[in-house]
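Visitor: Sequence order for the protein chains is A and B. For the first sequence, my numbering assigns the number 1 to the initial residue and increments by one for each residue that follows. For the second sequence, my numbering assigns the number 1 to the initial residue and increments by one for each residue that follows. No residue lacks a Cβ here, since even glycine has one placed at the ideal position from N, Cα and C. Just so you know, these numbers come straight off a predicted model, no measurement behind them. What follows is a structure written as structure tokens; I'll ask about it next.
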Amino acid sequence: MPHLTEEQLVSHYYQDDEPKGVPEHLGACADCFAQYETIRRVLMLVAEAPVPERSDDYGTQIWNRLRWKLGSDRRRKAGWISGLAVAAALAVAFFAGHFWRAKHEVVPIATTPPSVTALPRDHSDRILLLVVGDHLDSTESVLLEVANADPQKNLDIENERRRAGELVATNRIYRQTATQNGNERIASVLADLEPVLIEISHAGTTLSSNELAELQKRIEAKGLLFKVRVISAETSNPTPRKDNDRESNRI
Amino acid sequence: MELTDLAAVSRARGGDADAFRTLVERHSRAIFRVAYRMTGNEHDADDVVQETFLRAYRQIDRFEERANFGTWVHRIAINCSLDLLRSRGRHEKHRVNDSEDGEMIREFESTDPQPDRLLLSAELQQHVVSALDRLSGNERTAFMLRHFEGMPVEEIGRTLGIQVNAAKHTIFRAVRKLRESLEPFVRSTPCRT
């Protein structure tokens with residue numbers, strides 16, 4: 001048998017597939033045995049490569065760093081589900097009101113009680129402010145991940161992509177509802193957010209540095225994070241909206 | 001009575017944060033060791049540990065009860081480490097200056113290189129770290145998976161998205177580079193028993 005190659009010696013060390021007769025050859029050939037011993041000793045040395053020690057409370061430290069992330073994950077998940085439910089309720093309320101109004105416009109009745117059509121609208125206004133706040137918080141966290149990433153490097157956006165996909169549907173419903181309610185500021189911000197959310201949701205799992213830089217430019221150019229924070233702050237502390245044409249909208 | 005991993009997973013699935021905390025506290029140090037060996041950097045390893053448990057939490061419904069949680073989370077850690085290495089483009093990065101290497105080798109050549117004695121040497125440990133840092137990202141990963149994790153070559157190929165032969169040769173290249181760097185410290189007359 002000819003001398004063993006380095007590959008055969010390494011395979012023998014790891015007990016990977018190797019030609020028959022290797023152990024016997026090593027027993028008979030001093031040169032090959034010396035080569036094998038060198039490889040074995042090198043690999044044993046590497047096995048002793050130091051790993052920095054972590055203290056006994058390392059797990060607790062990790063948990064403390066993780067806790068808020070897991071909490072926001074749970075809130076986001078719950079918020080998304082309840083957001084969808086509220087959005088669905090808003091949509092039903094809006095279309096019911098719209099249908100009711102259309103029906104009465106065909107046959108105007110002067111004595112129609114104003115409270116009937118005003119009720120869904122007032123409710124939807126309040127609900128809209130409530131749910132848009134949560135929606136904007138979730139959207140902000142997605143945008144922050146992208147905006148704060150290093151534009152020189154690729155970015156893994158698997159989670160953001162999934163979250164953006166969830167946010168697109170609710171964003172659309174809130175925008176339509178805000179438009180119908182005459183809340184143009186919220187509608188405008190949501191309209192600005194929509195194409196960016198769609199772009200993130202349609203991206204691959206990894207953004208190249210060029211794609212990332214392009215997306216960051218768009219977020220910055222439209223001042224999206226600033227707008228989101230302003231509206232988010234307003235929705236968390238809403239003041240009664242002066243709506244001079246509210247009465248004129250009633251039938 | 002101590003909560004088993006399986007019971008903790010079951011409770012964590014039901015939204016019990018303390019149960020998941022138990023899993024984090026129990027496995028963090030082991031995951032750090034894997035992450036450090038894969039990334040070669042403490043801060044990166046800390047990031048990998050966090051990301052690993054975040055992913056584990058998000059995917060906990062996918063955990064199969066017949067599996068071992070430690071093994072499962074271990075595998076997530078390897079994937080997180082790979083993602084981090086890929087995103088940082090370390091694949092072709094060599095961090096050690098060759099001339100410094102040469103000086104260190106000469107410095108150690110005059111010593112009596114008995115492995116068990118040398119293992120006590122902090123300088124030698126540093127040299128091993130440097131030798132590992134000279135490996136490319138793929139070489140380091142393939143080697144670590146084979147050497148420390150005992151992963152079969154076929155699985156290493158799948159993990160790295162390369163053919164089995166390519167995986168095998170990546171490991172060979174890694175061992176050759178390590179041998180080139182470290183052979184001066186282990187060279188001695190073979191002793192048959």
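#1: Locate the alpha helix (DSSP H) running through B/Pro184, then write down its first and last residues.
#2: Between A/Trp68 and chain B, is there a C-beta pair that is closer than 8 angstroms?
#3: Quick check: B/Val49 and A/Ala49, are their CB atoms within less than 8 angstroms of each other?
#4: Here's the rule I'm using: 16 or more other beta-carbon atoms within 10 Å means buried, otherwise exposed. How should B/His91 be labelled?
#5: Taking 8 angstroms as the cut-off, decide whether the C-beta atoms of B/Ala56 and B/Val73 are in contact.
#6: Thinking A/Val146 and A/Tyr174 are a contact (beta carbons under 8 angstroms), I'd like their distance in whole angstroms, please.
#7: Whole angstroms is fine: what's the gap from B/Ser181's alpha carbon to A/Asp56's?
#8: Take B/Ala35 as the anchor and find which of B/Thr141, B/Ala167, B/Ala122 has the nearest alpha-carbon.
#9: Verify whether the separation of the beta carbon atoms of B/Ile31 and B/Thr4 is less than 8 angstroms.
#10: Assign B/His43 to one of two classes, buried (16 or more other C-beta atoms within 10 Å of its C-beta) or exposed (fewer than that).
#11: Can you tell me whether B/Asp61 is buried or exposed, with buried defined as 16 or more other CB within 10 angstroms of its CB?
#12: Is DSSP giving A/Leu155 helix, strand or coil here?
#13: Which runs of the alpha helix (DSSP H) at least 4 residues long sit entirely within the region 174–226 of chain A? Give them in chain order.
#14: How would you label B/Leu120, buried or exposed, when you count the other beta carbons within 10 angstroms and need 16 or more for buried?
#15: Drop a sphere of 10 angstroms on the beta-carbon of B/Gln114, count the other beta-carbons inside from all chains shown, and report buried for 16 or more, exposed for fewer.
#16: How would you list, in chain order, the residues of chain B whose beta-carbon sits under 9 angstroms from the beta-carbon of A/Pro255?
#17: Taking the alpha carbon of A/Glu24 as the point to measure from, which residue in A/Asn210, A/Ala187, A/Leu66, A/His3 has its own alpha carbon closest?
#18: State whether the region 172–186 of chain B contacts the region 151–158 of chain B, with contact taken as three or more CB pairs (one from each stretch) at a distance under 8 angstroms.
#19: Is the shortest distance between the beta-carbon of A/Gly59 and the beta-carbons of chain B less than 8 angstroms?
#20: Exposed or buried, what is A/Trp63 when buried is set at 16 or more other beta-carbons lying within 10 Å of its beta-carbon?
#21: Can you have a look at A/Thr177 and say buried or exposed, based on whether 16 or more other CB atoms are within 10 angstroms of its CB?
Guide: Working from what's here:
#1: 164–186
#2: no
#3: no
#4: With a pLDDT of only 44 at B/His91, under 50, the local geometry of the prediction cannot be trusted, and the value read off the model is given with reservation. Around the Cβ of B/His91, a 10 Å sphere holds fewer than 16 other Cβ atoms; the residue is exposed.
#5: Contact annotation: B/Ala56 and B/Val73 have beta-carbon atoms nearer than 8 angstroms.
#6: Incorrect: roughly 21 angstroms between the Cβ atoms, too far for contact.
#7: Within the model, the alpha-carbon separation for B/Ser181 versus A/Asp56 is close to 34 angstroms.
#8: B/Thr141
#9: no
#10: exposed
#11: exposed
#12: strand
#13: The qualifying runs are 184–202, 209–221.
#14: Here B/Leu120 scores only 45 on pLDDT, less than 50, and its place in the model should not be relied on; the value that follows carries that caveat. Per the 10 Å Cβ criterion, exposed.
#15: Reliability fails at B/Gln114, whose pLDDT of 47 lies under 50, so the model's placement of it is uncertain and no value is given.
#16: Nothing can be reported for residue 255 of chain A: it is not among the residues displayed for chain A, which extend from 1 to 251.
#17: A/His3
#18: Fewer than three Cβ pairs drawn from the region 172–186 of chain B and the region 151–158 of chain B lie within less than 8 angstroms of each other, which leaves the two stretches out of contact.
#19: yes
#20: Buried, by the Cβ-count rule.
#21: buried
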